[in-house]
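Report on the structure given below.
If you want it as structure tokens, here you go:
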């Protein structure tokens, strides 16, 4: 990987570049939603994100959510998105983003880190296994629609 790749927190100016990146994961997200989500990454919230950037623009994104565990003293770190631009894959960008996310989670007192990945993403699964992640459990999902757009992220004690 080029030493000119830097990690930083995304800004609302990055929203336009992040829309096609998220589309590479199969998510059609309006730019306004991406902007709102970036603004919600305020210090003290349970959510963080980083972009990898080079002279070629934004190469990748990782986002993390921390959840307190009721049955244990630590938190659960959840990788909520990881994407590397298709023309930048295989150059260490994903590894760099994942290391940043893991360092943040461990530093915030997480006792484990989890992520989900679609069954059709075999290459991603091999990547996660190379990083030490193991296939575990089963996920059940129920989709719904929030009653309005008034959602505000809640701060997580001990992470501010």
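Numbering (the UniProt record's numbering), first residue to last: 1 to 160.
From the three backbone atoms N, C-alpha and C, an ideal C-beta is built for every residue, glycine too.
Once the 5 residues before and after residue i are set aside, which same chain residues still bring their CB inside 6 Å of it?
i           : result
residue 53  : 6
residue 49  : 10, 41 and 63
residue 100 : 7 and 50
residue 80  : 63 and 65
To the nearest angstrom, how far is it from the Cα of residue i to the Cα of residue j?
i           : j           : result
residue 130 : residue 12  : 33 Å
residue 65  : residue 127 : 21 Å
residue 137 : residue 67  : 18 Å
residue 30  : residue 147 : 19 Å
residue 36  : residue 14  : 12 Å
residue 17  : residue 26  : 15 Å
residue 73  : residue 112 : 12 Å
residue 45  : residue 110 : 15 Å
residue 107 : residue 121 : 29 Å
residue 71  : residue 134 : 21 Å
residue 124 : residue 82  : 10 Å
residue 1   : residue 97  : Residue placement at residue 1 is flagged as unreliable, the pLDDT there being 49, under the threshold of 50; the coordinate-derived value follows with that caveat. Taking the straight line joining both Cα atoms gives about 12 Å.
residue 141 : residue 90  : 31 Å
Excluding the 5 residues preceding and the 5 following residue i in the sequence, name in chain order all residues of the same chain whose CB lies nearer than 7 Å to its CB.
i           : result
residue 59  : 5, 52, 53, 84, 85, 88 and 93
residue 114 : 76 and 78
residue 39  : 12
residue 19  : 29, 31 and 34
residue 57  : 17
By the three-class DSSP mapping on this structure, what secondary structure does residue i have?
i           : result
residue 103 : helix
residue 209 : One cannot answer for residue 209 here, as it falls past the ends of the chain, which runs 1 to 160.
residue 52  : strand
residue 20  : helix
residue 134 : coil
residue 29  : coil
residue 64  : strand
residue 5   : coil
Round the Cβ separation of residue i and residue j to the nearest angstrom and send it over; I've been treating them as touching at under 8 Å.
i          : j          : result
residue 21 : residue 61 : 6 Å
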